[in-house]
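Using the working numbering, the first residue of the sequence shown is number 2, and each one after it goes up by one.
First comes the structure, then the notes that go with it.
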Amino acid sequence: MFSAVLAGPRVTVHLIRRLFASVLEAAETVPRIATALDEVRATLRHLERLLSYVAEELPELTDQLDRIRARVDGPRDRADVWDERRDRPQAPPAAQPKRRHKGDPARDGEAGAIKRSW
């Protein structure tokens with residue numbers, strides 16, 4: 002009978018002890034939670050700085066990429082034109098008479114060529 006009378010207070014003390022342990026454990030985790038939140042804030046600030054840097058540099062990067070693309074596409078376009086010309090069947094050149102340089106005896110090689118006198 003005596004143990005039945007003390008059963009109520011024993012359960013109450015046990016529950017209070019468990020409650021106190023839980024509160025103590027929660028109180029110990031608060032500083033860790035605060036530290037984790039500070040680290041998250043620092044990470045967000047760092048991300049914000051990185052994103053602003055990227056936003057500032059993005060137009061310049063796209064401009065540089067466009068210039069590189071133009072430099073790469075330029076020779077490729079010229080190569081395509083050359084391939085088209087090479088692959089296109091062409092007629093043999095028409096036979097033309099040998100051209101003589103009339104009026105320029107130095108180029109003509111004729112007897113009337115200008116002689117140099119030193």
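We put the beta carbon where it would ideally sit given N, CA and C, even for glycine.
- CA-CA distance, valine 24 to valine 31, rounds to 11 Å.
- The DSSP assignment places no complete run of the alpha helix (DSSP H) inside the segment 28 to 68 (cut-off: 4 residues).
- Distance from the CA of valine 41 to the CA of alanine 28, rounded to the nearest whole angstrom, comes to 21 Å.
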